[in-house]
Each structure stands twice: as C-alpha cells, then as structure tokens.
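Participant:
Residue numbers (the working numbering): 3 to 319.
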C-alpha cells in the first residue's frame with residue numbers, strides 16, 4: 003500500500019468532556035459522573051484519524067503560544083507531523099466544552115487562537131505552509147478557522163476535502179473546488195435550505211449540488227449511513243448510497259471527524275470516491291463503539307476488515 007500525503011489545515015482545541023446520564027434541558031443543571039480533558043478540535047481530530055487510517059499527515063494550525071511545544075509533541079506522538087503548528091502570543095488555545103449522554107453530545111467551542119490567522123502575513127506569506135499544501139495528495143479543511151484561510155488553502159490544493167462544519171457561509175468559488183464537499187444533514191440544509199428525511203433525499207440534493215458546480219459531495223446521515231455524488235468528465239452526475247452497520251453507539255463525539263480523516267486517507271491513496279465512502283463508513287462505525295475521540299479512532303487493519311464486511315454485506319443483498 004502506498005501511503006498518501008494528507009495535509010490538514012484547521013483547528014486544535016482542548017476538549018473538556020463531561021459524561022452525564024442525559025443531556026440537560028435549557029436552564030437545567032445535571033451532574034456529571036465522569037469528566038476528562040483531552041486534545042481535540044475538528045482539525046486535530048481529522049489529522050489523527052487520517053494518521054491512524056494509514057496516511058502520512060501534516061497539520062497546519064494556530065494554538066496559544068504557551069501550549070505550542072506541548073501540543074506539537076502530543077500530535078507527533080499520535081503520528082501527525084506538527085512543524086506548521088504555530089503559537090499565537092497573548093492568546094490561549096481553543097477550548098471545546100462537550101457534554102455526552104447515551105452516545106449523543108452537545109458542544110460549545112471557544113475558538114481563541116484558532117481565529118487568529120494574519121491573512122496578509124502568517125497565512126498567505128508562510129512559505130512552508132504553502133509548500134505543504136501544494137505537495138499534498140489531499141488537503142483537508144473545516145470551518146473552525148476563518149473562511150478566508152480556508153479559501154487561501156483551497157487555492158493551493160491539488161485536491162480539497164472540505165468539511166463545512168460548523169455550517170457557515172462559504173464563497174461559491176471555494177465550494178466549487180471541493181472534491182468532495184462533506185456535510186451532514188444539518189450542514190447541507192445550511193448550504194441549500196431544507197431538511198433531509200431519507201437517503202434518497204440526501205442523494206438527490208447531493209446530485210443537485212454537483213450539477214450546480216461542486217465536483218463531488220458526500221452527505222453523512224449518522225446511523226443511516228451516507229450518500230455520495232460526483233460530476234463525471236462528460237458533465238453527468240453519478241452517485242450512490244452506503245448503509246452504515248448497526249452498532250451500539252457509546253460516544254459519537256468526533257465520529258464525523260473520524261469519517262473525514264478516513265475518507266481523505268483513502269482518496270490520497272487513489273481510491274475512488276465510492277470506495278473511500280465505504281472505508282470512511284467503516285471507520286466511523288468503529289469509532290462510535292468506544293468512548294473518546296483520538297483514543298477511539300481505529301487503525302488501518304481494523305478499518306480495512308470492517309470495510310470488507312460492508313462490501314460483503316452489500317454484495318449479498
């Protein structure tokens with residue numbers, strides 16, 4: 003297997019996670035039965051997931067200056083090269099406050115240093131960052147960093163996997179570089195309006211985005227699986243649906259990031275979008291069966307075995 007080169011440009015947070023019996027209602031206080039503090043952020047999560055899945059991964063990010071050395075070391079220990087993780091003087095590292103109950107979660111993020119990129123200096127002028135982006139087989143970006151930084155990275159990527167999360171407005175020219183654009187049903191609604199009730203509806207909406215100029219789209223539907231669509235060389239659009247295996251979900255925190263990281267890994271290796279979706283579905287299904295984020299992300303062999311089972315189940319239908 004040839005290991006693809008993946009560069010993730012995105013957020014790094016310190017996660018403060020509380021495990022509760024049920025999520026609180028507005029104005030309600032509940033007691034946690036366990037808490038933990040760990041490395042997180044959508045960018046960090048996707049980078050670690052890609053490394054676990056078998057890619058060679060570089061991370062580009064901004065953190066609090068006081069945490070730079072420690073966080074670089076933590077990422078290296080997790081298999082992610084971190085030379086382009088830079089500390090921002092006077093700011094703290096981003097923080098995510100996460101509440102988990104029965105496999106579901108609520109998250110509030112303070113972006114802090116993740117928002118501090120100088121569009122006229124460190125982002126657009128740093129040669130090492132531009133070189134990393136240009137050399138990658140796949141560049142992965144999310145939206146816990148400024149949109150203008152994502153747009154800058156998109157212009158230097160040979161292939162961009164764009165995860166529109168959290169859902170914010172994106173310039174059309176950036177969406178039209180996404181190959182694929184990865185969204186869940188809520189993020190899809192933020193882009194084109196309306197909800198997604200069924201996989202068929204998700205597939206129809208993904209096809210419409212492709213016909214509107216986006217090269218490829220993946221819509222994740224949680225336990226219902228995911229759909230994909232892509233524009234072909236002759237201007238037509240093909241696509242399909244991948245069911246998720248039925249598993250007991252313990253903690254869904256970071257499962258979407260695991261999906262994106264595994265998807266990017268498969269694409270960086272030259273796999274088709276359809277095959278990459280199978281691989282990513284298998285990875286995310288394994289991740290939700292364990293507590294935590296990075297500690298729950300599966301390695302290459304487990305993902306490959308689970309993906310083979312998914313393909314076998316599809317062929318037996």
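Backbone N, C-alpha and C fix where the C-beta goes; we use that ideal spot for every residue, glycine too.
#1: Can we say the region 155-170 touches the region 181-189, given the rule of at least three CB pairs closer than 8 Å?
#2: Span of the alpha helix (DSSP H) holding residue 155?
#3: Taking 7 Å as the threshold (C-beta atoms), are residue 266 and residue 8 in contact?
#4: Expressed to the nearest angstrom, what Euclidean distance is found between the alpha-carbon atoms of residue 6 and residue 54?
#5: Do residue 48 and residue 263 have their beta-carbon atoms positioned less than 7 Å apart in this structure?
#6: Looking only at its own chain, which residues have a Cβ that is under 6 Å from the Cβ of residue 10, when we skip the five neighbours before and after it?
#7: Mind listing, in chain order, the continuous alpha helix (DSSP H) runs of no fewer than 4 residues lying wholly within the region 235-288?
#8: Note the first and the last residue of the continuous alpha helix (DSSP H) segment covering residue 176.
#9: Who pairs with residue 48 in a beta bridge, going by DSSP?
#10: Is residue 17 buried or exposed, if buried means 16 or more other CB atoms sit within 10 Å of its CB?
#11: Could you name the residues of the same chain whose beta carbon sits closer than 6 Å to that of residue 232, not counting the 5 residues immediately before and after it, in chain order?
#12: When we look at the beta-carbon of residue 26 and count the other beta-carbons within 10 Å, is it buried (16 or more) or exposed?
#13: Would you say residue 101 reaches chain B, if we count a Cβ-Cβ gap shorter than 7 Å as a contact?
#14: Alpha carbon to alpha carbon, how far is residue 147 from residue 122? Give it in angstroms, no decimals.
#15: Quick check: what's the CA-CA separation for residue 114 versus residue 304?
#16: Tell me the DSSP secondary structure of residue 54 in three-state form.
#17: With a threshold of 16 other CB atoms inside 10 Å of the CB of residue 183, please say whether the residue is buried or exposed.
#18: Identify whether residue 135 lies in helix, strand or coil by the three-state DSSP scheme.
#19: What's the C-alpha gap between residue 139 and residue 285?
#20: Which runs of the beta strand (DSSP E) at least 3 residues long sit entirely within the region 179-216? Give them in chain order.
#21: Cα-Cα, which of 223, 22, 213, 227 is closest to residue 236?
#22: With a Cβ-Cβ cutoff of 7 Å, do residue 105 and residue 254 count as a contact?
Facilitator: Quick look at the numbers:
#1: yes
#2: 149-156
#3: yes
#4: 12 Å
#5: yes
#6: If you ignore the 5 residues before and after residue 10, its C-beta comes within less than 6 Å of the C-beta of 45, 48, 49, 61, 142, all in its own chain and listed in chain order.
#7: 257-270
#8: 174-177
#9: The partner list for residue 48 (beta bridge, DSSP) is empty, contrary to what the question assumes.
#10: Classification for residue 17: buried.
#11: 218, 275
#12: The residue is exposed, with fewer than 16 neighbouring Cβ atoms inside 10 Å.
#13: Annotation note: the requested chain B is absent from the structure, which comprises a single protein chain.
#14: For residue 122, the pLDDT reaches just 45, beneath the cut-off of 50, and the residue's location in the model is therefore unreliable, leaving the point undetermined.
#15: Cα to Cα, the separation comes out at about 36 Å.
#16: helix
#17: buried
#18: helix
#19: 20 Å
#20: 180-186
#21: 213
#22: yes
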